[in-house]
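Visitor:
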Amino acid sequence: MRRIHFTLFALGFRPFFLMAGIFAVILMALWAGAFVTNRPLTTYYGMTGWHSHEMIFGYACAVIAGFLLTAVRNWTGMETAKGPPLAGLSALWLAGRIMPFFPGALPSWLIALVDLLFLPALALSLAIPLVRGGQKRNLFFIPLLGALALADLLVHLELFGFAYGSARAGNFLALDLIILLIVIMGGRV
Numbered sequence: 009m010r011r012i013h014f015t016l017f018a019l020g021f022r023p024f025f026l027m028a029g030i031f032a033v034i035l036m037a038l039w040a041g042a043f044v045t046n047r048p049l050t051t052y053y054g055m056t057g058w059h060s061h062e063m064i065f066g067y068a069c070a071v072i073a074g075f076l077l078t079a080v081r082n083w084t085g086m087e088t089a090k091g092p093p094l095a096g097l098s099a100l101w102l103a104g105r106i107m108p109f110f111p112g113a114l115p116s117w118l119i120a121l122v123d124l125l126f127l128p129a130l131a132l133s134l135a136i137p138l139v140r141g142g143q144k145r146n147l148f149f150i151p152l153l154g155a156l157a158l159a160d161l162l163v164h165l166e167l168f169g170f171a172y173g174s175a176r177a178g179n180f181l182a183l184d185l186i187i188l189l190i191v192i193m194g195g196r197v
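If you read the sequence shown in the working numbering, its first letter stands for residue 9, the second for the next number, and so on.
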């Protein structure tokens, strides 16, 4: 029997670049629809909080994930997440985008947990081939992803009422880290 090879989860950039592109279109449509109809979206983050969070931790982090999963493979000559592990990482990212639309049906802690797990899971999936491949120079990306996860945590801490103003600080920290990542990645290509 001939086996069908599904290539979407063969390389890291494929699902993440695809999801980032589709997600960007959906984000713009939802935001424009809410703006034009003057009917704000009901999300875990609130309307403006949702927009900023998803542009930073949704769209930008998907692009970063796709790039790094592919780049680490090229730098080390070792496989990064592919097949079921890549599908799982993709599903975790996607769940973090969908779950906030159900704040009444899902507990807040679960929405936050799923969202917060993506960046550490990505960092772990990249750290293994970087360490095994002896890529000390590129290990720098792991703490940067950890700092991005910390910025995301700051957003959730404010939503839980633990730290007033921390969402703004988390968003600005994340933007600064994303700019730093782009500068570093640009120098590595």
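All residues carry an ideal CB built from backbone N, CA and C; glycine is no exception.
Relative to the C-alpha of L138, which residue among L162, L77 and S174 is closest?
Guide: Closest option to L138, Cα to Cα, is L77.
Visitor: Three or more C-beta pairs closer than 8 angstroms, one from the region 62-70 and one from the region 95-108: is that the case here?
Guide: The region 62-70 is in contact with the region 95-108.
Visitor: Put L19 into one of helix, strand or coil per three-state DSSP.
Guide: Looking at L19 - three-state DSSP - the assignment turns out to be coil, as it is neither helix nor strand.
Visitor: Just the C-alpha distance for K204 and C69, rounded to the nearest angstrom, thanks.
Guide: In this structure the chain extends from 9 to 197, so residue 204 is not present and cannot be described.
Visitor: Going by beta carbon distance, what residues of the same chain come within less than 8 angstroms of F17, once the five residues before and after it are set aside?
Guide: P23, K90, G91, P92, L94, A95 and S98.
Visitor: Does the region 179-188 come close enough to the region 158-168 that 3 or more CB-CB pairs lie under 8 angstroms?
Guide: The region 158-168, when compared against the region 179-188, does touch it at the 8 angstroms Cβ threshold.
Visitor: Between the C-alpha atoms of H59 and L167, what's the straight-line distance to the nearest angstrom?
Guide: In a straight line, the C-alpha of H59 is about 15 angstroms away from that of L167.
Visitor: For D123, which residues in the same chain have their Cβ closer than 6 angstroms to its Cβ, ignoring the five residues on either side in sequence?
Guide: These residues qualify, in order along the chain: G104.
Visitor: Can you look up M86 in the DSSP assignment and give me helix, strand or coil?
Guide: It is coil, neither helix nor strand.
Visitor: Classify T50 as helix, strand or coil using the three-state DSSP reduction.
Guide: In the structure shown, T50 sits in coil (DSSP, three-state: anything other than H, G, I, E or B).
Visitor: Output the residue ranges of the beta strand (DSSP E) runs that lie fully inside the region 159-193 and measure 3 residues or longer, sorted by chain position.
Guide: The region 159-193 contains no whole beta strand (DSSP E) run of 3 or more residues.
Visitor: Return the chain-ordered list of same chain residues with a C-beta closer than 8 angstroms to the C-beta of F25, the five sequence neighbours on each side being excluded.
Guide: Correct list, in chain order: A70, V71 and G74.
Visitor: Going by DSSP in three states, P93 sits in which element: helix, strand or coil?
Guide: Looking at P93 - three-state DSSP - the assignment turns out to be helix.
Visitor: Roughly how many whole angstroms lie between the Cα atoms of T56 and I150?
Guide: Taking the straight line joining both Cα atoms gives about 29 angstroms.
Visitor: Within a Cβ cutoff of 6 angstroms, which residues of the same chain sit near L127, ignoring the five residues on either side of it in sequence?
Guide: L153, L156 and A157.
Visitor: Note down the Cα distance separating Y53 from M86, rounded to an integer number of angstroms.
Guide: Computed Cα separation, rounded: 38 angstroms.
Visitor: Thinking Q143 and T84 are a contact (beta carbons under 8 angstroms), I'd like their distance in whole angstroms, please.
Guide: Indeed, because the Cβ distance is near 5 angstroms, the residues count as touching under 8 angstroms.
Visitor: Can you tell me whether F75 is helix, strand or coil according to DSSP?
Guide: Correct three-state label for F75: helix.
Visitor: If you follow the alpha helix (DSSP H) that K113 is in, where does it begin and where does it stop?
Guide: The sequence shown places Ala at residue 113, not Lys. A113 -> no alpha helix (DSSP H), and no H or E assigned at all.
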